[in-house]
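K.L.:
So the sequences go chain by chain: A and B.
Here my numbering runs 587 ahead of the position in the first sequence, where the first position is 1.
Here my numbering runs 6 ahead of the position in the second sequence, where the first position is 1.
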Amino acid sequence: MALPAGVAEELRRIVGREAVIDASNDLRIFERDGSIEGAMPDAVVLASSTEHVASVIKVAARHHIPVVPRGAGTGLSGGAVTIRGGIALQVTRMRHILEIDPVAQTALVEPGVVNQELSLVAAQNGLFYAPDPSSQKACTIGGNAAENSGGPHCLYYGVTTNHVLGMEVVLADGSVHWVSGDAPDRVGLDLCGVLVGSEGTLCAITKIKVKLLRIPPSVATLLAAFPTIETASQAVSAVIGHGIVPAALEMMDRVTVGAVEAHYRAGYPTDAGAVLLVEVDGIPESTRELMATITEILTANHGYALREAQTAAERDLLWAGRKGAIGALGRIKPNYYLHDGVVPRSRLPQVLSAVGEIGDHYKLPVANVFHAGDGNLHPNILFDMRDRQVMHQVEAAGEEMLRAVVEMGGTLSGEHGIGLEKNQFMPWIYSEDDLDAMHRVKDVFDADGILNPGKVFPDPSRNMVQLAGRTGLAVEAKWW
Amino acid sequence: MVVTNPAVEKPATAEELALRLHEAAESKLAVAPVGGGRAAGMGNVLERCDVLLHTTRLDRVIEHSHADMVVSVEAGITLEALQAELAKANQFLPVDPFNSPGHTIGGLLATGWTGPLRLRYGSPRDFLIGIRVALPDGKLATGGGRVVKNVSGYDMMKLHNGALGSLGVIVAASFKVFPRPLDDQTLSDHGGWAATDRALSTPLAPTALELFSDGRILARYSGSPAAVKRVTDELGWKREDAAVWDEHSRRAPERWARIAVPPSELRRIVDALPDDAEWWASPGVGVAHWTVTTDAKSVRDARAGVEAAGGALVMLAAPDGFMREVGAWGTAPPTVEIMRRLKSAFDPGRVLNPGRFVV
Chain A
588 MALPAGVAEE
598 LRRIVGREAV
608 IDASNDLRIF
618 ERDGSIEGAM
628 PDAVVLASST
638 EHVASVIKVA
648 ARHHIPVVPR
658 GAGTGLSGGA
668 VTIRGGIALQ
678 VTRMRHILEI
688 DPVAQTALVE
698 PGVVNQELSL
708 VAAQNGLFYA
718 PDPSSQKACT
728 IGGNAAENSG
738 GPHCLYYGVT
748 TNHVLGMEVV
758 LADGSVHWVS
768 GDAPDRVGLD
778 LCGVLVGSEG
788 TLCAITKIKV
798 KLLRIPPSVA
808 TLLAAFPTIE
818 TASQAVSAVI
828 GHGIVPAALE
838 MMDRVTVGAV
848 EAHYRAGYPT
858 DAGAVLLVEV
868 DGIPESTREL
878 MATITEILTA
888 NHGYALREAQ
898 TAAERDLLWA
908 GRKGAIGALG
918 RIKPNYYLHD
928 GVVPRSRLPQ
938 VLSAVGEIGD
948 HYKLPVANVF
958 HAGDGNLHPN
968 ILFDMRDRQV
978 MHQVEAAGEE
988 MLRAVVEMGG
998 TLSGEHGIGL
1008 EKNQFMPWIY
1018 SEDDLDAMHR
1028 VKDVFDADGI
1038 LNPGKVFPDP
1048 SRNMVQLAGR
1058 TGLAVEAKWW
Chain B
7 MVVTNPAVEK
17 PATAEELALR
27 LHEAAESKLA
37 VAPVGGGRAA
47 GMGNVLERCD
57 VLLHTTRLDR
67 VIEHSHADMV
77 VSVEAGITLE
87 ALQAELAKAN
97 QFLPVDPFNS
107 PGHTIGGLLA
117 TGWTGPLRLR
127 YGSPRDFLIG
137 IRVALPDGKL
147 ATGGGRVVKN
157 VSGYDMMKLH
167 NGALGSLGVI
177 VAASFKVFPR
187 PLDDQTLSDH
197 GGWAATDRAL
207 STPLAPTALE
217 LFSDGRILAR
227 YSGSPAAVKR
237 VTDELGWKRE
247 DAAVWDEHSR
257 RAPERWARIA
267 VPPSELRRIV
277 DALPDDAEWW
287 ASPGVGVAHW
297 TVTTDAKSVR
307 DARAGVEAAG
317 GALVMLAAPD
327 GFMREVGAWG
337 TAPPTVEIMR
347 RLKSAFDPGR
357 VLNPGRFVV
């Protein structure tokens, strides 16, 4: 598919000649994001300003061309994939931190600002930006807001939506609006809350005002080994049941630990069935006291080889292992299919054993590395994409894992988004009436469906493996 | 609100409530959802009201999973009944609205009311993880779920939270709940703004901090006992019983204005209130509550200053005549047209709380 005649010229008049890419070889690098499905855009537009974004969307609206806002392309659910072609609206040139207010503890940023860069700059004022996706070295705040991203420290600090104070957005008609802002308790409907996490289907985000937090004076990070995933899960429940919500509480299984240790040599115990990484922060009195209590609880729950990071460098190395875990899995197989289901925390042992059985059934290695405190699992199905036969198996296994998650009262995605990857499964968790209510919101913001079409909602034009006979709600509406 | 002999409906189930709502909408009857009635004065005087739709019989705890720290309840349960259930597991929902006791959960969500604990825990917006809403076309629509992290589909919780029942009637909700802090201490002082600044910059941030127009301060510190001890010792303020918070949460002026501004603007704004104005505030949050004893003009003047500072002055209660004179909401936000389209998408016949909210 190509753009209608004259549209590329119109776009070039807006953003400049070199900021429109439409040669097929050059487009190829925009075919994918961090997920496994790809599709070529007809053009990539490199926007440098809100005015660019608004003008491009106006052109797209006039010609009914799909527009997909795109940050760093690190998303894991196909949110930035131009599945219906059209324009990939790249915002990474909008990468300025416009303001840091150390008194109000806020930052105003453009959408292309890299997550970690914001925290690095804010650190000059003793502040940090709390949501920390594992891709934070590359992913953008705009993409984080669009996907409502999480990260290890969201257990205590909350996800992106809890940290966004307001946004400047461009709607499907090219109009520019501010939603919410610095003051609490604003008059009217919470449009900002609805737009965060709308995955580019309701608006393009052009500025974001976020909260910054004071860097805690003291941090303690503890690594503990467990004989099995079950005992480690039990220990997680025991810590939280004791009334302690750590800043982070992460788990890795044996497969992951093996890969991480081979790569990072961070001192992860490779003989363990599972490893927990626990972090608490606050004032020194508090972290010391909490860590002592946590140590007792973990030990009483079959934890062994407990090791607290003694220096900042040691702590960084432990986190490098955790945040780089998925990359390290490349030692086992070149590709991974990473899922993001969430279950009630107490169901973790059951769901992980189901995940293991599904992997065995399809003869696919599975590595688990995830946010145990939140019940947010990340099974990685490991495979080699060059083996065409295996793709079917990988997708089927992924689908079965998600089904298991949902049947245990869980949900499809905790922090990666629905996108293109899980939209067909939405009827497992939402009834027709539930989806109809969401559709009404979509229609209010984008009646013509030009913003990121084919995402979030089930797409009747696409067929996926194995869906037959499994389209209904997975759990009876007994919760209500 | 002005009510001229409306019918009273007290459905016993969500399905029945949806049916009653649908019947009313079909007959073009105006419906005012009612919970505990604690925020009945919030908003403009209703244009019309034919049916009072009570949620109070929907008062079940649907499920409280201690280990998951998640609770699902029907909307008509009172906050106190919910807290009693959570207390069995040493857990709680960190919301402490004024004009307590007696708020229902549905009412709290619809009004978006919060209290002092917002400083540490945020508002229900931050820990509401699932919602079920009856719509005027009789449908029951669910958003979110019963897990603490969820990005599946649009965030319908945000759409209804604070919408004052203008898009639908909340019939059930799920929350992430919190463990009771290991230690929890309350202090008081009379140091006004200077002491407030001091308390807000302690290494362990306060859980709640309330400042009163007479310079009095109530501060709450919670968390690890060692940390709480260090900070409360350093401050050296008078120790208070935690019951002072219950007393504080009973406040409910007859003419009640809520001011919300960026926190750094709050002092300037309350200083500009009429002489001898009586107020209490959460300075770290940017919210002040003003007991209005002056005329409507003084409220409109104050509102002009608040709006110029990027905030809002909303009347939470007032006699009808005063409310009409002042208007509940002030200047509509620039995005009001989008809000109107959302209202039309969910309540095309304008049967829900007509005239009371912004849309």
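Glycine included, each C-beta is placed from N, C-alpha and C at the ideal position.
These figures come from a predicted structure and were not determined experimentally.
I'd like the ranges of any beta strand (DSSP E) spanning at least 3 consecutive residues and lying wholly in the region 943–986 of chain A.
P.N.:
953–957, 966–970
K.L.:
Looking at chain A, is there any beta carbon in it that lies within less than 7 Å of the beta carbon of B/G317?
P.N.:
Interface residue, yes.
K.L.:
Bridge partners of B/G229, per DSSP?
P.N.:
Beta-bridge pairing links B/G229 to B/D189.
K.L.:
Would a check of beta-carbon distances place A/L1054 closer than 7 Å to chain B?
P.N.:
Caution applies to A/L1054, whose pLDDT of 44 falls short of 50 and renders its modelled position unreliable; the value that the coordinates give is listed next. A/L1054 does not count as touching chain B.
K.L.:
Nearest chain D C-beta to B/L165 closer than 7 Å, yes or no?
P.N.:
The structure shown contains no chain D; the protein chains it does contain are A and B.
K.L.:
Determine, using beta carbons only, whether B/T148 comes closer than 7 Å to chain A.
P.N.:
The beta carbon of B/T148 falls within 7 Å of a beta carbon belonging to chain A, placing the residue at that interface.
K.L.:
By Cβ distance below 6 Å, which residues in the same chain neighbour B/W262 in space, the five residues on each side in sequence not counted?
P.N.:
L322, A323
K.L.:
Identify, in the order they occur along the chain, each residue of the same chain with its Cβ nearer than 6 Å to the Cβ of B/A246, setting aside the five sequence neighbours on each side.
P.N.:
Note that residue 246 of chain B is Glu in the sequence shown, not Ala. Excluding positions up to five away in sequence, the list reads T192, S194.
K.L.:
Along chain A, which residues have their Cβ under 9 Å away from the Cβ of B/S75?
P.N.:
Before going on, a small fix: residue 75 of chain B reads as Met here, not Ser. Per Cβ cutoff of 9 Å: I827, G828, V832, R932.
K.L.:
What does the alpha-carbon distance come out to for the pair A/G1056 and A/W1015?
P.N.:
Any reading at A/G1056 must be qualified, since the residue scores a pLDDT of 43, below 50, and its modelled position is unreliable; no value is offered.
K.L.:
Just mark A/Q897 as buried or exposed, buried being the case when its beta carbon has 16 or more other beta carbons within 10 Å.
P.N.:
Burial call: exposed.
K.L.:
Tell me whether B/P354 is buried or exposed, calling it buried when 16 or more other Cβ atoms sit within 10 Å of its Cβ.
P.N.:
Under a 10 Å Cβ-count criterion, B/P354 is classified as exposed, with fewer than 16 other Cβ atoms of the shown protein chains found around its own Cβ.
K.L.:
At a Cβ threshold of 7 Å, is B/V297 touching chain A?
P.N.:
Val is not the amino acid found at residue 297 of chain B; the sequence shown has Thr there. It does not; no Cβ of chain A falls within 7 Å.
K.L.:
Does the pairing of the region 609–625 of chain A with the region 739–753 of chain A give three or more beta-carbon distances under 8 Å?
P.N.:
no
K.L.:
Any residues in the region 227–243 of chain B with a beta carbon nearer than 9 Å to a beta carbon of chain A? Which ones, in chain order?
P.N.:
G229, S230, P231, A232, A233, V234, K235, R236, V237
K.L.:
Where does A/A1064 land, buried or exposed, given buried means 16+ other C-beta within 10 angstroms?
P.N.:
Only weak support exists for where A/A1064 lies, its pLDDT of 49 falling under 50; the value from the coordinates is given anyway. Counting Cβ neighbours within 10 Å, A/A1064 comes out exposed, since fewer than 16 surround it.
K.L.:
Quick check on the burial criterion: 16 or more other C-beta atoms within 10 angstroms. Buried or exposed for A/E555?
P.N.:
Nothing about residue 555 of chain A can be reported from this structure: the residues present for chain A run from 588 to 1067 only.
K.L.:
Quick one: does A/S622 have its CB under 7 Å from some CB of chain B?
P.N.:
no
K.L.:
Nearest CA to the CA of B/T62: which residue from B/C55, B/T19, B/L173?
P.N.:
B/T19
K.L.:
Out of A/N712, A/G713, A/V708, A/E704, which has the shortest C-alpha to C-alpha gap to A/P720?
P.N.:
A/E704
K.L.:
Return the CA-CA distance between B/A93 and A/L905, expressed in angstroms with no decimal places.
P.N.:
37 Å
K.L.:
Looking at chain B, which residues of the region 998–1017 of chain A have a Cβ within less than 8 Å of any of its Cβ atoms?
P.N.:
T998, L999, S1000, G1001, E1002, H1003, G1004, I1005, K1009, M1013, I1016, Y1017
K.L.:
In whole angstroms, give me the CA-to-CA distance for B/T238 and B/Y227.
P.N.:
8 Å
K.L.:
Pull up the distance between the alpha-carbon of B/R26 and that of A/M988, whole angstroms please.
P.N.:
41 Å
K.L.:
From the DSSP secondary-structure annotation, give me the bridge partner or partners of B/N96.
P.N.:
According to DSSP, which records beta bridges pairwise, B/N96 is partnered with nothing at all.
K.L.:
Compile a chain-ordered list of the residues in the region 182–196 of chain B whose CB is closer than 7 Å to at least one CB of chain A.
P.N.:
P185, R186, L188
K.L.:
Is the beta carbon of A/L864 sitting closer than 7 Å to the one on A/R909?
P.N.:
Against a cut-off of 7 Å, the Cβ pair of A/R909 and A/L864 comes out as a contact.
K.L.:
Going along the region 983–999 of chain A in order, which residues come within less than 7 Å of chain B, judged by CB to CB distance?
P.N.:
G996, G997, T998, L999
K.L.:
Rounded to whole angstroms, what's the CA-CA distance from A/G761 to A/V631? Just pull it up for me.
P.N.:
18 Å
K.L.:
Output yes if chain B places a C-beta closer than 7 Å to the C-beta of A/M1025; else output no.
P.N.:
yes
K.L.:
Could you spell out the range, first to last residue, of the beta strand (DSSP E) harbouring A/V763?
P.N.:
A/V763 -> beta strand (DSSP E) spans 763–767.
K.L.:
Kindly list, in the order they appear in chain A, the residues whose Cβ is closer than 9 Å to that of B/T341.
P.N.:
What B/T341 touches in chain A: H764, W765, V766, G775, L776, L778.
K.L.:
DSSP puts B/H295 in a beta bridge; with which residues?
P.N.:
B/R264, B/W286
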